[in-house]
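Chemist: Residues 415 to 653 (our numbering) are what the sequence shown spells out, left to right.
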Amino acid sequence: MTLTPHQRAVRSSVALKALMALTGLLLIGFLLMHMFGNFKMFLGEEAFNHYAGWLKGETPDGGILYPILPAGAFIWVFRTVLVAAVLLHVYSALTLWQRAKAATPSSYQAKRTLSQTYSARTMRWGGVILAGVLIFHLAQFTVHSALTAGSFGATYADSPYKMFVGEFQQWWMVALYAIWMATVAMHVRHGFWSAFATLGANTSPKAQTVLNACAWAAAILLYIGFIFAPVAVLFGWIH
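1) Considering only heavy atoms of the ligand COA, does any lie closer than 7 Å to the CB of Ala609?
2) Looking only at C-alpha atoms, which of Pro644, Gln512 and Gly605 sits nearest to Leu625?
3) Exposed or buried, Val491, counting other C-beta atoms within 10 Å across all chains shown (16 or more means buried)?
4) So, with DSSP's three-state summary, where would you put Thr617?
5) Nearest CA to the CA of Gln584: which residue from Ala646, Thr494 and Ile482?
6) My output table needs one value for Ser565: the three-state DSSP class, helix, strand or coil.
7) When the Cα atoms are used, what is the spatial distance from Gly476 to Lys470?
8) If you draw a straight line from the alpha carbon of Pro465 to that of Gly451, how long is it in whole angstroms?
9) Taking Ala633 as the reference, which of Asn616, Glu460 and Thr597 has the closest Cα?
10) Cutting at 6 Å between CB atoms, please list the residues of its own chain near Leu439, excluding the five before and the five after it.
11) Once you ignore the five residues that flank Thr612 on each side, which residues in its own chain have a CB closer than 7 Å to its CB?
12) Mind pulling the beta strand (DSSP E) runs of 3 or more residues that sit fully within the segment 490-515?
13) Where does Gly580 fall in DSSP's three states?
14) Considering only the alpha carbon of each residue, which of Ala516, Ala599 and Gly650 lies closest to Gly580?
15) So Val608 is in the alpha helix (DSSP H); what residue range does that whole segment cover?
16) Decide if His653 is buried, meaning its Cβ has at least 16 other Cβ atoms within 10 Å, or exposed.
17) Let me know if Pro574 comes out buried or exposed under the rule of 16 or more other beta-carbons within 10 Å of its beta-carbon.
18) Please state the DSSP three-state secondary structure of Gly486.
19) Go through its chain and collect everything with a Cβ distance to Ala615's Cβ below 8 Å, but skip five positions before and after it.
20) Within 10 angstroms of the Cβ of His558, are there 16 or more other Cβ atoms? Answer buried if so, exposed if not.
21) Am I right that Met595 and Phe642 are in contact with their C-beta atoms under 8 Å? What's the rounded C-beta distance?
22) How about Arg603 and Ala627: are their beta carbons less than 8 Å apart?
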């Protein structure tokens, strides 16, 4: 059966929503993994540096997924998948927004905008900003040149632990990080709910309540989990 242009557009939009949901959940998974890694700061310099080296395939055992992948290959595969997920997530979000804007009368769109929650209204531009900051953050903490030079002229190439401490001993860096993570948390709360709703989890009022509670829990967990280590550095609990 030949599909009409409208039917093709609907199917395309459904596919884009699913793509945005799946890539969003993948990015939340990355955030959880990153948060877990940050907690290793509390185990000391040797443990944190070993974990960082293990991810990069620099440990004697060949690192993560060795020998399934060559030593050091995982981190590049992971970064490639992560960047692809960010690009696909942003592309699907912007495409869906443009289609919705083109198909919605301006008067209705104005009323709809007023009824949206703050997190929903900031999803579009917040997502773009988050993608840019995420790329900067990864470059700052993973690219070799950043590790060698450091933000403040120190040499951190041999110790990711010292690099982490050096960055977050500055109060303004912790403040900026806390603000960024608040934006991440708002984005995750709305995105978590939207992703599972798109995938069919929002099937009843009870399911909606549970889903909303899980979305808030994920956002709060990520916010507290991410700022805990930087705050500990700032107050000298990690040094």
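Where a beta carbon is used, it is the ideal one built from N, C-alpha and C, also for glycine. Keep in mind it's a predicted model, so treat the numbers as computed, not measured.
Modeler: In short:
1) Summarising the ligand content, the structure contains no ligands, and the ligand COA is consequently not present.
2) Gly605
3) exposed
4) coil
5) Ala646
6) Low per-residue confidence applies at Ser565: pLDDT is 49, beneath 50, and the placement is therefore not dependable, though the value from the model is reported in the following sentence. If DSSP states are grouped into helix, strand and coil, Ser565 belongs with coil.
7) 9 Å
8) The amino acid occupying residue 465 in the given sequence is Tyr; Pro does not appear at that position. Going by the C-alpha atoms only, they are around 7 Å apart.
9) Thr597
10) Ala609
11) Lys431, Ala432 and Ala435
12) none
13) helix
14) Gly650
15) Checking the displayed sequence, the identity of residue 608 turns out to be Ser instead of Val. Run containing Ser608: Trp585 to Thr612, per the alpha helix (DSSP H) assignment.
16) exposed
17) buried
18) coil
19) Ala621 and Leu625
20) No answer about His558 holds up, because its pLDDT of 47 lies below 50 and its placement is not dependable.
21) Actually they are not in contact, since the Cβ atoms of Met595 and Phe642 sit about 10 Å apart, beyond 8 Å.
22) no
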